[in-house]
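K.L.:
Numbering (the numbering used here), first residue to last: 2 to 261.
Dropping a structure here in structure tokens format, bear with me for questions.
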């Protein structure tokens, strides 16, 4: 537990530099997001330092996980694989940096990339088949880390967050991001699936923190039996126009081959 808390402390302090004064006034842990409809407007595109490995097929871009029916003008601007299929273990976590100005837009806009929606979907016809959890941001791509963890720990209390029915746990930590309004009183996540998703590879998810520019979620990964190897993970970034809004999507994909 001490090692997990120390890792979280390092994550919270990493890259905050110029954010400190701004976030002292705006950061707060808001209520947990509640599923509803809609999304938040976005602003400008960031400059990414992530190194792409390949361009995914159209079916791998996260379009099937849209949180509302498509409209004329919806389009994918770019789609980049930032981390190809592998296991983000304790010694080999996924790490991606993005450089964003602070603030990314003048008030009353949010000063950081802001989570507006979460989507989930299954893609059984792809090779390999996969389950996906996608995080839709307004304003730009945040930096992020993805790794397997022994347990999910609440960033505020330091207490374990129950994730029943999972074989392993994946944690995604967004840095330079938020999921709360400027006054810290409400969540900006206006559309999200139920926490118990129930897919074979993607069983559930849970928020773990939203404080001082560090936003984290746990993802429950299923495992049908002890002999199944660790589930491989791929991460894809998609910049798109959806429902007339400019979105920056980070899609976490879990290899579902073992359940096919």
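Built from N, CA and C at the ideal position, the CB exists for glycine as well.
With a threshold of 16 other CB atoms inside 10 Å of the CB of residue 102, please say whether the residue is buried or exposed.
P.N.:
With fewer than 16 other Cβ atoms within 10 Å, it is exposed.
K.L.:
Can you round the beta-carbon distance between residue 164 and residue 90 to whole angstroms, since I take them to be within the 8 angstroms contact cut?
P.N.:
Not quite, the Cβ-Cβ distance comes to about 18 angstroms (not below 8 angstroms), so this is no contact.
K.L.:
Return the CA-CA distance between residue 105 and residue 179, expressed in angstroms with no decimal places.
P.N.:
Rounded to the nearest angstrom, the two C-alpha atoms are 12 angstroms apart.
K.L.:
Suppose contacts are defined by Cβ-Cβ distances below 7 angstroms. Is residue 315 in contact with residue 222 by that definition?
P.N.:
The first residue shown for the chain is 2 and the last is 261, placing residue 315 beyond what the model contains.
K.L.:
Report the CB separation of residue 215 from residue 174 in whole angstroms; it is logged as a contact under 8 angstroms.
P.N.:
Correct: roughly 6 angstroms between the Cβ atoms.
K.L.:
Candidates 129, 209, 137, 113: which alpha carbon is nearest residue 121's?
P.N.:
Considering only alpha carbons, the answer is 137.
K.L.:
Could you check how far apart the C-beta atoms of residue 234 and residue 116 are, in whole angstroms? I think they sit under 8 angstroms.
P.N.:
About 20 angstroms separates the two Cβ atoms, so there is no contact after all.
K.L.:
Alpha carbon to alpha carbon, how far is residue 107 from residue 83?
P.N.:
In a straight line, the C-alpha of residue 107 is about 29 angstroms away from that of residue 83.
K.L.:
Could you tell me the alpha carbon to alpha carbon distance between residue 109 and residue 184, rounded to whole angstroms?
P.N.:
Approximately 11 angstroms, taken between the alpha carbons.
K.L.:
Closer than 7 angstroms by C-beta to residue 97: which residues in its own chain qualify, once you throw out the five before and the five after it? Chain order, please.
P.N.:
Answer for residue 97: 51, 83, 144, 145, listed in chain order.
K.L.:
Assuming the contact rule is C-beta atoms closer than 8 angstroms, residue 95 and residue 236 should be a hit. Round their C-beta distance to whole Å, please.
P.N.:
Yes, residue 95 and residue 236 are in contact; Cβ-Cβ is about 6 angstroms, under 8 angstroms.
K.L.:
Going by Cα to Cα distance, which pick from 249, 74, 134, 100 is closest to residue 204?
P.N.:
Of the listed residues, the one whose Cα sits closest to residue 204 is 134.
K.L.:
Which ranges would you report for the alpha helix (DSSP H) in the segment 135-220 if only whole runs of at least 4 residues count?
P.N.:
Complete alpha helix (DSSP H) runs here, min 4: none at all.
K.L.:
To the nearest angstrom, how far is it from the Cα of residue 224 to the Cα of residue 127?
P.N.:
Rounded to the nearest angstrom, the two C-alpha atoms are 20 angstroms apart.
K.L.:
Please name the residue, chosen from 170, 141, 241, that lies closest to residue 207 on a Cα-to-Cα basis.
P.N.:
With distances taken between Cα atoms, residue 207 lies closest to 170.
K.L.:
Would you grab the beta carbon distance between residue 201 and residue 260 for me? Rounded to a whole angstrom, and I think it's under 8 angstroms.
P.N.:
Their Cβ separation, rounded to whole angstroms, is 4 angstroms, which keeps residue 201 and residue 260 in contact under 8 angstroms.
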